[in-house]
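Undergrad: Below are the structure tokens for one structure; questions will follow.
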Amino acid sequence: MKRITGLLVAAVLVLAGAGIVWADNPLSINGAGATFPYPIYSKWFDEYHKKTPNVQINYQSIGSGGGIKQVTEGTVDFGASDGPMNDDQLKAFKAKHGFGILHFPTVLGADIPTYNVPGVSAELNFTPEAVAGIFLGRITKWNDPAIAGANSGIKLPANDIVVVHRSDGSGTTYIWTDYLAKVSDDWKNKVGKGASVNWPVGLGGKGNEGVAGLIKQTPNSFGYIELIYAIQNNMLYGRVKNSSGAFIKADLASVTAAAAGAAKDMPADFRVSITNAPGKNAYPISSFTWLLIPEKFSDASKRDAIKGFVSWMLTDGQNSAEVLSYAKLPKEVVVKEKQALAQVQ
Amino acid sequence: MATTTTTVHGAGPFVGSRSFMRRLREGDEIVRLITFLFAAFVVLVTLLLVFELWVGSTLPRHKFGFHFFVTSVWDPISDQFGALPFIYGTVVTASISLILAVPLGIGAAIFLAELAPARVSDVLQFFIDLLAAVPSVIYGVLGVFIVIPLMREYIQPALKSSLGFLPLFQGPAYGVGFFTAGVVLAIMVIPYIISVSREVLLSVPRDQREAALALGATRWESTWKVVVPFARTGIMGSIFLALARALGETMAVTMVIGNTPTISASLFSPGYSIAAVIANEFTEATGDIYLQSLIELGLVLFLLTFILNGLARLLIVATSQRGSGMGQA
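Chains as they are written, first to last, in the numbering used here: chain A, 1 to 345; chain B, 346 to 674.
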């Protein structure tokens, strides 16, 4: 009995000790949303916490749709999404809260076309017509003139193309279908853009790894992968013809160039698609990913903490983006975002 | 001691009925009440589940009605949702898996229970129990790296050249599809069938076997005509368990089925199952009707499990008269 009392006393003392630490507990801010930028976000939140120990940002990567839903319902302080909120969603937010929500681009992502054609180890060139034709199921052979015409000197087989797409709803699919809808009217009218669509043809793989696995295993396959996944796994991928007529291979520089090309016409709310962006070196299948931050906070300390984080993210934070293979924001966009940050009250 | 005191305190409001108090003290009433609550809890959870799925799928039920079950367009962009390809995929893959797993599983169980030496049987049983505990994602990975290439390179071409005249075995062999999903599911459910069936066969009374042998039956005759019919209900139970797992399996199926909502006579064609589409699309389902359609798919899966289980039970009732008759013979 004495021993138990002793243990209890010890436990109480330990708890009291911990209580002293707790008294100094950091301001906790919660966010939820996109999975694609999760690695860089968790690195940023960790670095920012080290720099300002009184702010602790927690982030759940539950998917863009979930992020929009949770921030609208007010269960998290901010959201994150790979596709901008549409007008209905903005209206729903405003109706519920009485004020708006702002989009802040954080980093850039891109999709690359990848393939497995027996006997071909070169980087193939793809025109927008070829990519859309393959995904619409109109171009069915690898030696189709639409593909072969852009790849003179490479012998393409007369095999049937096996199209592979994502089966799970994802921002990667959003970017890909957004691009296809821009370059092909047929795609726009028949399929449309979204995180999941009604695919005309093809097999579905779950996640980037699922698509990559199917392509690796299936001869004559063609599909799309998130750029970071392709870089980290040293995958072979093709170049895509941009709006200036040049075949561009996706890398961090060409993706940032796409954002810079689009920055001139950047709308004030940053809800912009930069697929098929102008610019000589712009890679055409790129996109921003956004933080969704409400315009008003009832808690001033939370507001200041979030604003503090965003301005740090726009300056020092950008430097750590490329280490994790994310393309950083062009300078023009950073300047505009800093101005927009003043709208958060 | 302490427990008794607390329970009596807890039953305070009932003081007055002496006989009840007495039964309380003797424990029967308490056990009855507690076990009743446990049993009621299971029913309650089931009802709550159906209720939630029903309430959560109001929009598509009103908009599509019965069409939800018979149309096959699944288009989140234009908000058109039909469940038929998913229902088809779920039923087809579960059927393939049972067709493959039931003979194999029951055969193995008969060997382990009746023919193998006890020590061998116990060691093998240990491995089978291990198999039953392997997480489904592992079976999915196994499917992706071993079953799919085997299917594409060897099994599907072989089936095509030998049985290609049947519509079941026509079309391009991608490796992924209904057939591969069914095979992977079969591998997953076999341990359940073996494990449960073996236990049931082992629990058949010794007299039954001895009586059969005494009448001059061979070992095989006693097993097949006496022991197996005696254990029929239990073996059917193992098949239910397998069916339930095959219908609801998500991860392993989505990794090998091709995730394309198609209805095709060819087993080589890529398909989709209800559980797989829910898992794939739930996180990014933004529109209300889209999300609710996925919830309605959950309701459909529930109904499907219910109906198939019911049908299987009817089958047993229809055949068990003969079975038990043989068991008593």
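Glycine included, each C-beta is placed from N, C-alpha and C at the ideal position. This structure is a prediction, so every number in the text was calculated from the model and none was measured.
In the region 205-272 of chain A, which residue ranges form an unbroken beta strand (DSSP E) of at least 3 residues, counting only runs that do not cross its ends?
TA: Segments of the beta strand (DSSP E) lying fully in the region 205-272 of chain A: 221-226 and 239-241.
Undergrad: Mind pulling the chain B residues with CB within less than 8 Å of I139/A?
TA: Walking along the first sequence from the start, residue 139/A turns up at place 139. The contacting residues do not exist; I139/A stays about 17 Å from chain B at best.
Undergrad: In terms of DSSP beta bridges, what is H165/A paired with?
TA: For this step, residue 165/A is matched to residue 165 along the first sequence. Paired residue(s): G204/A.
Undergrad: Counting pairs of Cβ atoms below 8 Å between the region 592-605 of chain B and the region 560-571 of chain B, do you hit three or more?
TA: No contact exists between the region 592-605 of chain B and the region 560-571 of chain B.
Undergrad: Who pairs with P294/A in a beta bridge, going by DSSP?
TA: As a position in the first sequence, residue 294/A is number 294, starting the count at 1. In DSSP, P294/A forms a bridge with I101/A.
Undergrad: Shortest alpha-carbon distance to M533/B belongs to which of S481/B, I500/B and D552/B?
TA: Indexing the second sequence from 1 puts residue 533/B at position 188. Among S481/B, I500/B and D552/B, the Cα nearest to that of M533/B belongs to S481/B.
Undergrad: How long is the line joining the alpha carbons of E337/A and I57/A, rounded to whole angstroms?
TA: Locating residue 337/A in the first sequence gives position 337, where the first residue counts as 1. Locating residue 57/A in the first sequence gives position 57, where the first residue counts as 1. Cα-Cα distance, rounded: 20 Å.
Undergrad: Using only CA atoms, which one of K328/A, T289/A and A340/A lies nearest to G67/A?
TA: By 1-based counting over the first sequence, the position of residue 67/A is 67. Cα-wise, what sits closest to G67/A is T289/A.
Undergrad: Spatial neighbours of A18/A within its chain, please: C-beta separation below 6 Å, excluding the five flanking residues on both sides.
TA: The sequence position of residue 18/A within the first sequence is 18, counting from 1. Any reading at A18/A needs caution, since the residue's pLDDT is 48, under 50, leaving its predicted position unreliable; the model's value is listed next. Closer than 6 Å at the Cβ level, and outside the excluded window around A18/A, lies no residue.
Undergrad: Look at the Cβ atom of I676/B, then the Cβ atom of V645/B, and state whether they are nearer than 9 Å.
TA: Missing from the structure shown is residue 676/B; chain B here goes from 346 to 674 and no further.
Undergrad: Hey, is the region 218-236 of chain A in contact with the region 616-634 of chain B, meaning 3+ C-beta pairs nearer than 8 Å?
TA: Verdict: no, contact absent.
Undergrad: Using a Cβ cut-off of 8 Å, which residues of the region 220-240 of chain A contact any Cβ in chain B, in chain order?
TA: Here the close residues number zero.
Undergrad: Name the residues in the region 152-180 of chain A whose C-beta lies less than 9 Å from a C-beta of chain B; which are they?
TA: Here the close residues are D160, V162, H165, R166, S167, D168, G169, S170, G171, T173, Y174 and T177.
Undergrad: Who does P113/A pair with in a DSSP beta bridge?
TA: Here residue 113/A refers to the residue found at position 113 when the first sequence is read from its first residue. DSSP, once it has assigned bridges, lists Y224/A as partnering P113/A.
Undergrad: Taking only beta-carbon atoms, is V21/A less than 9 Å away from chain B?
TA: Locating residue 21/A in the first sequence gives position 21, where the first residue counts as 1. Low confidence applies to V21/A: its pLDDT is 46, below 50, so where it sits in the model is not reliable, and the reading given next is rough at best. Closer than 9 Å: no.
Undergrad: Which whole-angstrom value is the C-beta distance of V418/B and N198/A, which I expect to be below 8 Å?
TA: Residue numbering aside, residue 418/B sits at position 73 when the second sequence is read from its first letter. Residue numbering aside, residue 198/A sits at position 198 when the first sequence is read from its first letter. About 7 Å; that satisfies the 8 Å criterion.
Undergrad: If you reduce the DSSP assignment to three classes, tell me which class W199/A lands in.
TA: Numbered from 1 along the first sequence, position 199 holds the residue referred to as residue 199/A. Of the three classes helix, strand and coil, the one that applies to W199/A here is coil, per DSSP.
Undergrad: Which residues of chain B have a Cβ atom closer than 9 Å to the Cβ of Q60/A, listed in chain order?
TA: Start at 1 with the first residue of the first sequence, and residue 60/A comes out as number 60. Within 9 Å Cβ-Cβ: nothing; Q60/A doesn't reach chain B, min ~11 Å.
Undergrad: Taking C-beta pairs closer than 8 Å, name the residues in chain A that G520/B reaches, listed in chain order.
TA: Residue mapping note: residue 520/B aligns to position 175 of the second sequence, counting from 1. Those are Q217 and T218, listed as they occur along chain A.
Undergrad: Comparing C-alpha positions only, which one of A92/A, G63/A and P37/A sits nearest to G74/A?
TA: Counting from 1 along the first sequence, the entry for residue 74/A is found at position 74. Nearest C-alpha to G74/A: A92/A.
Undergrad: Closer than 7 Å, Cβ to any Cβ of chain A: which residues of the region 619-635 of chain B, in chain order?
TA: Under the 7 Å Cβ criterion, the region 619-635 of chain B contributes N625, E626, T628, E629, A630 and T631.
Undergrad: Under 9 Å, do E226/A and A110/A count as touching if we go by C-beta distance?
TA: Locating residue 226/A in the first sequence gives position 226, counting from the first residue. Locating residue 110/A in the first sequence gives position 110, counting from the first residue. Cβ atoms of E226/A and A110/A: closer than 9 Å.
Undergrad: Under the three-state reduction of DSSP, which class applies to F357/A: helix, strand or coil?
TA: Since the first residue shown for chain A is 1 and the last is 345, residue 357/A is missing from the structure and cannot be characterised.
Undergrad: Whole-angstrom Cβ separation of S438/B and I640/B, contact assumed at under 8 Å?
TA: For the purposes of this step, residue 438/B is taken as residue 93 along the second sequence, with counting starting at 1. For the purposes of this step, residue 640/B is taken as residue 295 along the second sequence, with counting starting at 1. For clarity, residue 438/B is Thr in the given sequence; the question names Ser instead. Actually they do not touch by this definition, with Cβ atoms about 22 Å apart.
Undergrad: I need the boundaries of the alpha helix (DSSP H) containing Q553/B, first residue and last residue.
TA: Here the question's residue 553/B lines up with position 208 in the second sequence. Segment R551 to A559, the alpha helix (DSSP H) holding Q553/B.
Undergrad: If you follow the alpha helix (DSSP H) that Q501/B is part of, which residue opens it and which one closes it?
TA: In the second sequence, counting from the first residue as 1, residue 501/B sits at position 156. Residues Q501 to L508.
Undergrad: How would you list, in chain order, the residues of chain A whose beta-carbon sits under 8 Å from the beta-carbon of I483/B?
TA: Counting from 1 along the second sequence, the entry for residue 483/B is found at position 138. Here the premise fails: no neighbours, minimum Cβ distance about 15 Å.
Undergrad: Measuring CB to CB, does K280/A end up less than 9 Å from E332/A?
TA: Position 280 of the first sequence, counted from the first residue, corresponds to residue 280/A. Position 332 of the first sequence, counted from the first residue, corresponds to residue 332/A. For K280/A and E332/A, no; Cβs fall outside 9 Å.
Undergrad: Under three-state DSSP, which class holds W22/A?
TA: As a position in the first sequence, residue 22/A is number 22, starting the count at 1. With a pLDDT of only 48 at W22/A, under the threshold of 50, the placement of this residue in the model should not be trusted; the figure read from the coordinates follows. Three-state DSSP puts W22/A in a helix.
Undergrad: How many angstroms separate the CA atom of T140/A from the CA atom of I134/A?
TA: Taking the first residue of the first sequence as 1, we reach residue 140/A at position 140. Taking the first residue of the first sequence as 1, we reach residue 134/A at position 134. The straight-line gap from Cα to Cα measures roughly 6 Å.
Undergrad: Quick one: does M600/B have its CB under 9 Å from some CB of chain A?
TA: Your numbering for residue 600/B matches position 255 in the second sequence. Yes, M600/B lies at the interface with chain A (some Cβ there is under 9 Å from its Cβ).
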